[in-house]
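Here the structure comes first, spelled out in structure tokens, and everything after it is commentary.
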Amino acid sequence: MADLNTKKEDERVRYMDEQSTSMPDLTIGYGVFLFAWGIVAGLLSTTDSLTRFIPCLPGVALVVSGWLAKSNPERRKLWMHVAVTLGLITALLGTRFFMVMGDGLNLASGSMLMLFVSGSAYTGLCVRSFIQARKASE
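Mapping to this note's numbering: the sequence shown position 24 is 202, numbers consecutive.
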């Protein structure tokens, strides 16, 4: 019986290790995506406004928080909560799309839509991961 409990505990620890490294990796990847999108969209844009580079801001912050979560396991929970907050802010930045969608789809509105959809999806994945981590620790 003790051997069975030890096996279950080993499986739980292995699952937690896999989950705890996959979300920081996803966070870093999503941050790189946002940064790259911001640079490319900013360079393709015809406007001189610095707002064209807005996706770069949460992108850099997400890369930093993902890297800190990955490199500092005892503070991983803190940095992943920072990351999910940044994901939510990213989604909120994209809600402006609904104010300008009547003007048609262009580079700026497409970027807003991308922020809304990807920020919402990332936030949902983080929340799902938090729920799974909580259940696995019980």
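Every residue, glycine too, gets a C-beta built ideally from N, C-alpha and C.
With a threshold of 7 Å on Cβ separation, who are the neighbours of residue i within its own chain once the five nearest residues in sequence on each side are excluded?
i: G207; result: none
i: G216; result: F231, I232, P233, C234 and G237
i: T301; result: V262, G265, L266 and A269
Applying the 10 Å Cβ sphere with the 16-neighbour rule, what's the burial state of residue i?
i: F276; result: exposed
i: L264; result: buried
i: A299; result: exposed
i: V241; result: buried
i: L256; result: exposed
i: L212; result: buried
i: M279; result: exposed
i: G282; result: exposed
i: A247; result: buried
Roughly how many whole angstroms lie between the Cα atoms of residue i and residue j?
i: P236; j: A314; result: 30 Å
i: E316; j: I309; result: 11 Å
i: L221; j: C304; result: 31 Å
i: V262; j: E252; result: 18 Å
i: L266; j: T224; result: 28 Å
i: G244; j: S227; result: 29 Å
i: A286; j: V295; result: 14 Å
i: R312; j: A239; result: 25 Å
i: G288; j: A219; result: 10 Å
i: R254; j: T205; result: 12 Å
i: N284; j: L293; result: 14 Å
i: G297; j: V210; result: 13 Å
Below 8 Å on the Cβ atoms is my contact criterion, and I expect residue i with residue j to pass it. Report the Cβ-Cβ distance as a whole number of Å.
i: G125; j: M258; result: The question about residue 125 has no answer, for the chain in this structure spans 179 to 316.
Take residue i and list the residues in its own chain whose beta-carbon comes closer than 6 Å to its own, dropping the five residues that flank it on each side.
i: R274; result: M290
i: V260; result: S243
Enumerate in chain order the residues of its own chain whose CB-to-CB distance from residue i is below 8 Å, with the five nearest sequence positions on each side excluded.
i: D203; result: G244 and K248
i: T229; result: none
Flag residue i as yes when its Cβ comes closer than 7 Å to any non-hydrogen atom of the ligand SAH, and as no otherwise.
i: A299; result: What this structure holds is no ligand at all, so the ligand SAH is not there to describe.
For a minimum of 4 consecutive residues, which ranges assigned as the alpha helix (DSSP H) are wholly contained in the region 216 to 269? 234 to 249
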